[in-house]
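> Residues in the sequence shown are numbered consecutively from 1, following UniProt numbering. All residues carry an ideal CB built from backbone N, CA and C; glycine is no exception.
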Amino acid sequence: MGNFVARIGSAFGSPQQVRILIMGLDASGKTTVLYKLKRAKDEVVVTIPTIGFNVETVQLHGTEITAWDVGGRDKIRPLWRHYYQNTDAVVFIVDSNDRDRIDHAVKELQINRNEDELKRKPVLLLCNKQDLPNAMSPHDLSNRFGVTSDDDVFVTGCVAAKGEGLHEGFEWLVDKLKGNESDAARTRGEQKNVKSKNSKPAHDEFHGDELARLSTDDTNTTLQHFLPIKNGTQCPFAKSAKLWGGVRIESQSSLEDQAVANVPALVEFVRRSTAGQHVDGFCIELDDPTAKVGSTEELGDCVRRLLMELSDHDPAGDSMMRVSFVGAKGWRFRFGKADFFVTSFAPCYPSKSSRFAFNTGRAFVLLQPEASFARYNLPSDIGITQWDKPQSVRDKTRVAFKKAGRPYHIPKTTKYPPAEHIVKPIEDNGINVVKWWQEIRVGADTTVTLEEGGL
Numbered sequence: 001m002g003n004f005v006a007r008i009g010s011a012f013g014s015p016q017q018v019r020i021l022i023m024g025l026d027a028s029g030k031t032t033v034l035y036k037l038k039r040a041k042d043e044v045v046v047t048i049p050t051i052g053f054n055v056e057t058v059q060l061h062g063t064e065i066t067a068w069d070v071g072g073r074d075k076i077r078p079l080w081r082h083y084y085q086n087t088d089a090v091v092f093i094v095d096s097n098d099r100d101r102i103d104h105a106v107k108e109l110q111i112n113r114n115e116d117e118l119k120r121k122p123v124l125l126l127c128n129k130q131d132l133p134n135a136m137s138p139h140d141l142s143n144r145f146g147v148t149s150d151d152d153v154f155v156t157g158c159v160a161a162k163g164e165g166l167h168e169g170f171e172w173l174v175d176k177l178k179g180n181e182s183d184a185a186r187t188r189g190e191q192k193n194v195k196s197k198n199s200k201p202a203h204d205e206f207h208g209d210e211l212a213r214l215s216t217d218d219t220n221t222t223l224q225h226f227l228p229i230k231n232g233t234q235c236p237f238a239k240s241a242k243l244w245g246g247v248r249i250e251s252q253s254s255l256e257d258q259a260v261a262n263v264p265a266l267v268e269f270v271r272r273s274t275a276g277q278h279v280d281g282f283c284i285e286l287d288d289p290t291a292k293v294g295s296t297e298e299l300g301d302c303v304r305r306l307l308m309e310l311s312d313h314d315p316a317g318d319s320m321m322r323v324s325f326v327g328a329k330g331w332r333f334r335f336g337k338a339d340f341f342v343t344s345f346a347p348c349y350p351s352k353s354s355r356f357a358f359n360t361g362r363a364f365v366l367l368q369p370e371a372s373f374a375r376y377n378l379p380s381d382i383g384i385t386q387w388d389k390p391q392s393v394r395d396k397t398r399v400a401f402k403k404a405g406r407p408y409h410i411p412k413t414t415k416y417p418p419a420e421h422i423v424k425p426i427e428d429n430g431i432n433v434v435k436w437w438q439e440i441r442v443g444a445d446t447t448v449t450l451e452e453g454g455l
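1. If contact is defined by three or more beta carbon pairs under 8 Å, each pair taking one atom from either stretch, is the region 155 to 172 in contact with the region 102 to 115?
2. Q104: buried (16+ other C-beta within 10 angstroms of its C-beta) or exposed?
3. Note the first and the last residue of the continuous beta strand (DSSP E) segment covering I229.
4. My output table needs one value for L109: the three-state DSSP class, helix, strand or coil.
5. With distance defined between alpha-carbon atoms, name the residue in V106, H167, K176, V267 nearest to D88.
6. Between the Cα of S353 and those of G327, A316, I426, spot the shortest distance and give me the residue it belongs to.
7. Quick check: the Cα distance between S344 and V423, rounded to an integer number of angstroms?
8. Pick from H167, R101, V18: whose alpha carbon is nearest that of A135?
9. How about K230 and K242: are their beta carbons less than 9 Å apart?
10. Compute the distance between the beta-carbons of V94 and L141, then report whether it is under 9 Å.
11. Taking the alpha-carbon positions, what's the N97 to K129 distance?
12. Among F340, A357, V342, F341, which has the Cα closest to the Cα of C348?
13. Which runs of the beta strand (DSSP E), 3 residues or longer, sit entirely within the region 141 to 185?
14. Taking the alpha-carbon of G430 as reference, which of F341, P418, P289, P138 has the nearest alpha-carbon?
15. Please report the straight-line C-alpha distance between residue 473 and P289, rounded to a whole angstrom.
16. In whole angstroms, give me the CA-to-CA distance for V279 and V123.
17. Distance check for F364 and N262, CA to CA, integer angstroms please.
18. Enumerate in chain order the residues of its own chain whose CB-to-CB distance from F145 is below 7 Å, with the five nearest sequence positions on each side excluded.
19. Which full runs of the beta strand (DSSP E) of 3+ residues lie inside the region 241 to 309, going along the chain?
20. Taking DSSP's pairing of strands, which residues face E56 in a bridge?
21. According to DSSP, simplified to helix, strand and coil, what is P369?
22. Measure the C-alpha to C-alpha separation of A185 and E309 and round it to an integer number of angstroms.
23. Would you call the region 222 to 236 and the region 399 to 410 touching, i.e. three or more CB-CB distances under 8 Å?
24. Please return the same chain residues whose Cβ sits closer than 7 Å to the Cβ of R81, not counting the five positions on each side in sequence.
25. Could you check how far apart the C-beta atoms of E285 and R362 are, in whole angstroms? I think they sit under 8 Å.
26. Determine which residues share a DSSP beta bridge with S137 and list them.
27. Please name the residue in Q17, G24, W68, V18 whose C-alpha comes closest to that of Y35.
28. Are the beta-carbon atoms of L366 and F333 separated by less than 9 Å?
29. Return the CA-CA distance between A346 and T274, expressed in angstroms with no decimal places.
30. Answer with buried or exposed for E420, where buried requires no fewer than 16 other C-beta atoms within 10 angstroms of its C-beta.
31. Hey, quick one: how far does the alpha helix (DSSP H) through F340 stretch, first residue to last?
32. Per DSSP, what kind of secondary structure is A11 in: helix, strand or coil?
33. Compute the minimum distance between the beta carbon of V326 and the heavy atoms of the ligand ZN, and state whether it is under 8 Å.
34. Could you give the C-beta distance for L166 and V33, rounded to a whole number, given that I count them as a contact under 8 Å?
35. Quick check on DSSP: helix, strand or coil for V399?
36. Does DSSP classify R334 as helix, strand or coil?
This is the structure we're talking about:
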């Protein structure tokens, strides 16, 4: 299998990026297939049920192949749509031995193939677990799925746990994508010849419309809602900051669902930031009533839930919200190997607070990659401020907030717990601390977070 993956890389030439979405019901073998793409054929792969997603990137011969394996449980399937964008092909895996759920699998594939982002995308239908005695044959499954000669679907049997039968299917997928890329290249060449000299180039990867929906104030609802804060704050970099706005989903959805929906965009944001692109922050609106009308403690609980879910879906696997030292000095919120400076804004903060929401009636979490601060050549953080004759950018920023009636606590030392600054107390005096990362059980069904100094 390893040699086969190498051929995937060489088949496309250089450079080429391919994004594959691996879908199917739970326990069909999606994660096993994913890791067989990465590892040797004879290596044993032990998996656990996927709660959110797994992602693996194979870089060979200048080609980057990113395969996303999304969880197949009932409650997770409605979130599949958030992974559609920029998908080049779908690998749908069916458990050939699970005859009771074949019709369910057929329905899921039909629903997803009818989505605009996946229409006309090639589909590799892997009929897994062919070694089991009750397994349906690929021919029978092809009939059950209604595959015709006109469909862009290839059906083949496999035993993913042993790496058997994957070769033929992925060979077809490679050839199909290679052909699509050639067609697209010809189309781009034809379009280039008829472009107006005044036409503007489209955004690069994470294609134009999707990128615009994330990074343009006019098209992104989150950025529109956040604009009064961006324009009103005394931060000297805010007005010119390049922000991405998070994905918003149905109001009935939980913060956990909202976090999962934002994972693909945040992964792309981190990729661009790490590559040196000018992106300064990723803004997520907290679509939860308690964040909008509750106290700082209730805001903190919402922030904890959001960051916990993002952390659980960290593609790098660091899971920084699961470590035991969140409230300690050495902790940072990290996602995709990028450290973030995290702030929150909400209606619970009065106009005298640096976290004032400027009467938006909305709550936000802003994730700023620490790499972005380096691009502004900020001086090292120090606990001393030249209030009368501000010299550095930090001095001027602190003075500006103070003059606006929104002073914030300046730690006397630079070695302070970063978590304490994610959710600020109403009285930002350096004594009270909203320990938003702690979940303290009061009763059987009740949890609260405590503000240090308040009890």
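Reading it off the structure:
1. Judged by Cβ distances under 8 Å, the region 102 to 115 makes no contact with the region 155 to 172, as fewer than three pairs qualify.
2. Before going further, note that residue 104 is His rather than Gln in the sequence given. With fewer than 16 other Cβ atoms inside 10 Å of its own Cβ, H104 counts as exposed.
3. No beta strand (DSSP E) contains I229, which is instead part of the alpha helix (DSSP H) from 221 to 232.
4. If DSSP states are grouped into helix, strand and coil, L109 belongs with the helices.
5. Among V106, H167, K176, V267, the Cα nearest to that of D88 belongs to K176.
6. That would be I426, whose Cα lies nearest to the Cα of S353.
7. Distance between the alpha carbons of S344 and V423 is about 6 Å.
8. Minimum Cα-Cα distance from A135 among the listed residues H167, R101, V18 corresponds to R101.
9. In this structure, K242 does not lie closer than 9 Å to K230 by Cβ.
10. Cβ atoms of V94 and L141: closer than 9 Å.
11. One C-alpha to the other measures close to 7 Å.
12. Put simply, of F340, A357, V342, F341 the residue whose alpha carbon is nearest the alpha carbon of C348 is A357.
13. Taking 3 residues as the minimum length, the beta strand (DSSP E) runs contained wholly in the region 141 to 185 are 153 to 157, in order along the chain.
14. Of F341, P418, P289, P138, the residue nearest in Cα terms is P418.
15. The chain is shown only over 1 to 455; residue 473 falls outside these bounds and no answer can be derived.
16. Taking the straight line from one Cα to the other gives about 34 Å.
17. Answer to the nearest angstrom: the Cα atoms are 14 Å apart.
18. Correct list, in chain order: V106, L109, L125.
19. Runs found: 243 to 245, 281 to 285.
20. E56 pairs with A67.
21. Three-state result, P369: strand.
22. Low local confidence applies: a pLDDT of 49 at A185 is under 50, so the model's placement there is unreliable, with the coordinate-based value given in what follows. So the two alpha carbons sit approximately 39 Å from each other.
23. Proximity of the region 222 to 236 to the region 399 to 410 meets the contact definition, three or more beta-carbon pairs being nearer than 8 Å.
24. E115.
25. 6 Å between Cβ atoms; contact.
26. According to DSSP, which records beta bridges pairwise, S137 is partnered with nothing at all.
27. The option with the nearest alpha carbon to Y35 is W68.
28. Result no, Cβ atoms of L366 and F333 do not sit closer than 9 Å.
29. Each residue's alpha carbon lies about 29 Å from the other.
30. Buried, because 16 or more other Cβ atoms sit within 10 Å of the Cβ of E420.
31. F340 -> not in any alpha helix (DSSP H); beta strand (DSSP E) instead, spanning 338 to 345.
32. Low per-residue confidence applies at A11: pLDDT is 49, beneath 50, and the placement is therefore not dependable enough to give any value.
33. Absent from the structure shown: the ligand ZN. Ligands present: none.
34. Confirmed, about 7 Å.
35. Assigned with DSSP and collapsed to three states, V399 falls in helix.
36. Residue state, collapsed to three classes: strand.
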